[in-house]
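Chains A and B are the protein sequences, given in the same order. Residue 29 in our numbering sits at position 45 of the first sequence, and the numbers go up by one each step. Residue 355 in our numbering sits at position 359 of the second sequence, and the numbers go up by one each step. Data first, discussion second: the structure below is written as structure tokens.
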Amino acid sequence: MAKIKIKDMPIGARVCNPGSSEAILTGDWRSYTPVVDKEKCINCLNCWVFCPDNSVIVKEGKLEGFKMSHCKGCGICAQICPKKAIRMTEA
Amino acid sequence: MAKKKLEDIAINGDGAVAYAWKQIDLDVCAAYPITPQTIIVEDFSKFVANGEVKTEYVCVESEHSALTLCAASCSAGARTFTATASQGLAYMWEMLPITSAMRVPLVMAVANRAVSGPININNDHGDSMAARDTGWIQMFADNVQSAYDNAVIAPRIAEHPDVQLPIITNLDGFILTHAVERMTLIDTEDVKKFVGEFEPVCPLLDYKHPTSHGMFDGPDFYYAHKYQQVEAMDKALGVAEQVFKEFKKLTGREYHLVDEYRCDDADYVAIILGSSYGTMQETVDQMREAGIKVGAAMPHIYRPWPEKELARIMKGKKAVAIFDKHVSLGAYGPMYPEVVVAAADLEKMPKMYNFIYGIGGADTSVSILRDAMESVVDGTADKINYVGMKLL
């Protein structure tokens, strides 16, 4: 971020490289981190559906964990979980 | 190159602006009618209905929608114009800084009218002055001819690759919008050639190079993008000068960042905006006949502020009178402090007087302006003076 100079920025706050949001590591914003208790998890994948940052990692139909590079720690996954299997921790 | 001389026509300011738009044949227009801008919209929608232009005219339900649509359409890559006045401009206000920050070079005619309340439809500069800090370039016209010429010149400044900013062409409500004057048209082919094709910068409808416009900025990027606007405004001064030169070559009519009348050898200079610049020229002639060396100047471009040109004009003068058709309540006329700042670096600063005049359409006659200038000459004027107020 510090490397960008005003003269190199597109005018008008335009984004000229589509899909660039992936390069913004929103995980930097996180103050609460989701932790899943796999004993309680029934792999309904509601968390995967509702995650606004595409940060729930699913493999072969099963919740595996969270992509910390982009998880903002919003807690929607914990709220939506029908089994209260996801806990937000201060970490 | 000798141009064939077109016959002069008699037309009011609104009609002249609409005619210029027709000659440019813009791509999109969305505007909501409001007195005293109505004739622009009416005339232009007739041109559209009669098939005289290829413009897509969009009927919107308000000025806020009009400017939103225009900003989007200009972003998409269409040459887009709109027009408004007073309450309409006030209603657009939210979109004004957004439009300039999005760097869309759209053109808006503003038929200057007092802002309510009390409710009033007559001419003063309250509407445009309230839009002063929104990042739009602003041009003023002193007669119907220059209102027409500004409409032709404006897209050239706004669309210049170094500028890419929206532009307002101001014309005084009723005094210019409705009064019929004699003026010279430019040949339509010449207008088209002068204005040229619209070349949008990364337009939304360029599917091969998809872009997002109107994005969110954190503090660092917001500050940087605002600084880009500052730089673009600075460049607009040089661009305007260049475009004025080209325009003179085409038409013989001469405009400058600051238009001047008999300022060279003047001891006293009046700085004034809009139609009253003409009234002031007559005042200057009368006072010169009486042996008083007076001159008049009008910032043709009000934003960006032509500080250097004003300083040059004020150099060596005994006193400068700044006439404002608006008052920043609780302070001064809006131009006064800016002219004082422009004079601050002069070796010997002239005495600076502020005259508030013509508020809510109050009559501005030669005798009012002459009384004001005589009080400047004999030094009896106050720092801030309210002139032409009948009920005082």
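Ideal placement from N, C-alpha and C gives every residue a C-beta, glycine not left out.
Three or more beta-carbon pairs under 8 Å between the stretch 347 to 365 of chain B and the stretch 307 to 327 of chain B, yes or no?
With the cut-off at 8 Å, the stretch 347 to 365 of chain B and the stretch 307 to 327 of chain B touch.
Below 8 Å on the Cβ atoms is my guess for residue 266 of chain B versus residue 290 of chain B; work out the distance and round it to an integer in Å.
7 Å between Cβ atoms; contact.
Please say whether residue 51 of chain B and residue -2 of chain A have beta carbons closer to each other than 7 Å?
Taking 7 Å as the Cβ cut-off, residue -2 of chain A and residue 51 of chain B do not qualify as a contacting pair.
For residue 105 of chain B, count neighbouring Cβ atoms within 10 angstroms of its own Cβ and tell me buried if that reaches 16, exposed if not.
That one is buried.
Can you say whether residue 120 of chain B is buried or exposed, counting buried as having 16 or more other CB atoms within 10 angstroms of its CB?
It is buried - the Cβ of residue 120 of chain B has at least 16 other Cβ atoms within 10 Å.
Should residue 4 of chain A be labelled buried (16 or more other beta-carbon atoms within 10 Å of its own) or exposed?
By the 10 Å Cβ count, residue 4 of chain A comes out exposed.
Give the interface partners of residue 0 of chain A over in chain B, defined as CB-CB distance under 8 Å, in chain order.
Residues of chain B passing the Cβ test: 198, 205 and 207.
According to DSSP, simplified to helix, strand and coil, what is residue 184 of chain B?
DSSP places residue 184 of chain B in helix when its eight states are reduced to three.
With respect to the alpha helix (DSSP H) encompassing residue 320 of chain B, which residues constitute its N-terminal and C-terminal limits?
Where residue 320 of chain B is concerned, there is no enclosing alpha helix (DSSP H), although the beta strand (DSSP E) it sits in stretches over 315 to 320.
What are the boundary residues of the alpha helix (DSSP H) that residue 217 of chain B is part of?
Its alpha helix (DSSP H) spans residues 215 to 247.
Output the distance between the C-alpha atoms of residue 72 of chain B and residue 152 of chain B, rounded to the nearest integer angstrom.
Cα-Cα distance, rounded: 19 Å.
Who are the near neighbours of residue 255 of chain B in its chain, counting only those whose CB is closer than 6 Å to its CB and skipping five residues on each side?
Correct list, in chain order: 294 and 296.
Consider the Cβ of residue 258 of chain B: report whether some Cβ of chain A lies at a distance smaller than 7 Å.
Residue 258 of chain B does not count as touching chain A.
Output, in chain order, the set of chain B residues within a Cβ distance shorter than 7 Å of residue -10 of chain A.
Result: 220, 223 and 224.
Give me the subset of the stretch 50 to 64 of chain A whose CB atoms are less than 9 Å from a CB atom of chain B, sorted by chain position.
Cβ contacts with chain B come from no residue of the stretch 50 to 64 of chain A.
Looking at residue 55 of chain A and residue 14 of chain A, is the spacing between their C-beta atoms short of 7 Å?
Yes, they are a contact pair.
Using the three-state DSSP reduction, which class does residue 293 of chain B fall into: helix, strand or coil?
Correct three-state label for residue 293 of chain B: strand.
Only counting the same chain, and skipping five residues up and downstream in sequence, which positions put a Cβ closer than 8 Å to that of residue 362 of chain B?
For residue 362 of chain B, where only same-chain residues beyond five positions count, the Cβ hits under 8 Å are 275, 278, 279 and 282.
For residue 70 of chain A, collect the residues of the same chain with a Cβ closer than 6 Å to its Cβ; drop the 5 residues on either side in sequence, then sort them by chain order.
So the list reads 18, 20, 61 and 62, once near-sequence residues are dropped.
Which whole-angstrom value describes the C-beta separation of residue 264 of chain B and residue 331 of chain B, a residue pair presumed to lie in contact below a C-beta threshold of 8 Å?
In fact, because the Cβ distance is near 17 Å, the residues do not count as touching under 8 Å.
Pick from B/354, B/310, B/357 and B/288: whose alpha carbon is nearest that of residue 371 of chain B?
Ranking B/354, B/310, B/357 and B/288 by Cα distance to residue 371 of chain B puts B/288 first.
Using a Cβ-Cβ distance cut-off of 7 Å, determine whether residue 99 of chain B contacts chain A.
Yes - at least one Cβ of chain A is within 7 Å of the one on residue 99 of chain B.
Can you give the Cα-Cα distance for residue 16 of chain B and residue 338 of chain B, rounded to whole angstroms?
Whole-angstrom Cα-Cα distance: 34 Å.
Can you tell which of B/211, B/194 and B/171 has the C-alpha that lies nearest to the C-alpha of residue -5 of chain A?
Cα-wise, what sits closest to residue -5 of chain A is B/211.
How close, in whole Å, do the beta carbons of residue 321 of chain B and residue 353 of chain B come, if the pair is a contact with beta carbons under 8 Å?
That belief holds up - the Cβ atoms of residue 321 of chain B and residue 353 of chain B are roughly 6 Å apart, short of 8 Å.
Do the stretch 41 to 56 of chain A and the stretch 127 to 135 of chain B touch if we need at least three Cβ pairs shorter than 8 Å?
Counting Cβ pairs under 8 Å, fewer than three are found: no touch.
Is residue -4 of chain A close to chain B? Criterion is C-beta to C-beta, closer than 7 Å.
By this cut-off, residue -4 of chain A is an interface position.
Look up residue 448 of chain B in the DSSP assignment and say whether it is helix, strand or coil.
For residue 448 of chain B there is no data in the structure shown, the boundaries of chain B being -3 and 388.
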